[in-house]
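Have a look at the structure below, then the notes.
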Amino acid sequence: MTQSPDPGRLLLELQKADLEIKKLSKQLNELPVKGAILEVRHKRTEIEALKAKAETLIDGLGRQIKASEDETAQIDEKLEVEQKKLMSGNVTNPKEVTHISREMDALKRRKDKLDVGTLGIMEKAEKAKGQMEKIKLALTQLEAREAKFTEEFKVSGAEVQEAISHVEKRRVTICSALDPALLERYKAIRDAKGVVAVGALEGATCTACRIELPSERVAELKTGPDVSTCPECGRMIVVKTVSVNE
Ligand SMILES: [Zn+2]
């Protein structure tokens, strides 16, 4: 691993690249079409939720219809059994005949009631299915709109994206030239502090926190390593660079 002869300058360049990437990314996110994409996605999430609800409803109604049909089939079987008994000629007791007739009437009434109920459920199911078709159509339309906006975003954002990838390449070069330990420190501070991880000593001021340091601190920094820690903000501070002394 080659160690840079000028870690301070590299750190400041890395910082500059990160700030540029941040600014460009913000620019990209603020493109009007990006807002349109987010809006469409939001709408899609809402419609997806409606779709899930409609699916649950249709499933439930389907189960109700099935249960009703099963019960109707059972009643039909019972009716057939009773009918056979009557027709067999084995039942001669008038009381028993009356009993069977009443039983069959009750079964028929239950069956009629079930039929009416089933019709009602079927109507509901038809309605729900119609709703589902509308939901699916809306989703297809939203997907098409999202695809269209995404394409527009690609075109209108191409310039900014190109600028980002340009800076990113530069960043990779800087990182590979930088001492890995310093890079780790930079990343850790950047993650902890937000974007700004390094400042430079400008006169007696840290450019990161803009605080003027007491003269004895400045003197300590100046006799220390090229890259040190700001006693005020705790960020890295470039005390001096090899090519330019600031
Ligand atoms: Zn500072």
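Under the numbering used here, the letters of the sequence shown match residues 9 to 254, in that order.
We put the beta carbon where it would ideally sit given N, CA and C, even for glycine.
Closer than 7 Å by C-beta to residue i: which residues in its own chain qualify, once you throw out the five before and the five after it? Chain order, please.
| i | result |
| --- | --- |
| Glu160 | Val41 |
| Leu122 | Ser76, Glu79 and Thr80 |
| Tyr194 | Leu19, Leu22, Ala205, Val206 and Met244 |
| Leu39 | Phe161, Ser164 and Gly165 |
| Asn101 | none |
Could you pull out every residue in the same chain whose Cβ sits closer than 8 Å to the Cβ of residue i, ignoring the five residues on either side in sequence?
| i | result |
| --- | --- |
| Lys137 | Ile66 |
| Leu145 | none |
| Gln11 | Because Gln11 carries a pLDDT of 46, less than 50, the predicted location of this residue cannot be relied on, and the following value inherits that uncertainty. Cβ neighbours of Gln11 beyond the five flanking positions: Asp187. |
| Leu115 | Ile83, Lys86, Leu87 and Glu90 |
| Arg198 | Asp26, Val204 and Ala205 |
| Ala62 | Ala136, Gln139, Met140 and Ile143 |
| Val99 | Lys93, Val105 and Ile108 |
| Gly232 | Val247 |
| His56 | The amino acid occupying residue 56 in the given sequence is Glu; His does not appear at that position. Cβ neighbours of Glu56 beyond the five flanking positions: Leu147. |
| Gly125 | Ser76 |
Can you tell me where the alpha helix (DSSP H) holding residue i begins and where it ends?
| i | result |
| --- | --- |
| Glu38 | Careful: Glu38 lies outside any alpha helix (DSSP H) and carries neither H nor E. |
| Ala155 | Pro102 to Ser164 |
| Leu229 | Ser223 to Thr231 |
How would you label residue i, buried or exposed, when you count the other beta carbons within 10 angstroms and need 16 or more for buried?
| i | result |
| --- | --- |
| Ala25 | buried |
| Met95 | exposed |
| Gly70 | exposed |
| Val48 | buried |
| Ala200 | exposed |
| Arg218 | exposed |
| Pro15 | buried |
| Arg243 | buried |
| Lys103 | exposed |
| Leu229 | buried |
| Val105 | exposed |
| Ala185 | buried |
To which residues of the same chain is residue i closer than 6 Å at the C-beta, ignoring the five residues directly before and after it?
| i | result |
| --- | --- |
| Thr213 | Glu220 |
| Val226 | Ala212 |
| Val168 | Leu32, Gln35 and Leu36 |
| Ala196 | none |
| Asp234 | Gly16, Val247 and Lys248 |
| Leu236 | The displayed chain sequence assigns Ser, not Leu, to residue 236. Here the set comprises Leu229, Ile245 and Val247. |
| Leu127 | none |
With a cut-off of 8 Å on the beta carbons, I'd call residue i and residue j a contact; round off their distance for me.
| i | j | result |
| --- | --- | --- |
| Glu209 | Val246 | The sequence given here has Leu at residue 209, not Glu. Rounded, the Cβ-Cβ distance is 7 Å, consistent with contact. |
| Ile143 | Lys74 | 23 Å between Cβ atoms; not a contact. |
| Val204 | Ala216 | 5 Å |
| Leu22 | Cys183 | 7 Å |
| Ile45 | Thr158 | 6 Å |
| Ile29 | Glu176 | 7 Å |
| Val250 | Arg17 | 7 Å |
| Ile108 | Lys93 | 6 Å |
Ends of the beta strand (DSSP E) at residue i?
| i | result |
| --- | --- |
| Thr237 | Val235 to Thr237 |
| Val246 | Met244 to Val246 |
Residue ranges of each beta strand (DSSP E) within the segment 170-227, 3 or longer: 206-210
Taking the runs of the alpha helix (DSSP H) that are 4 residues or longer, which of them lie wholly in the segment 10-90? 15-37
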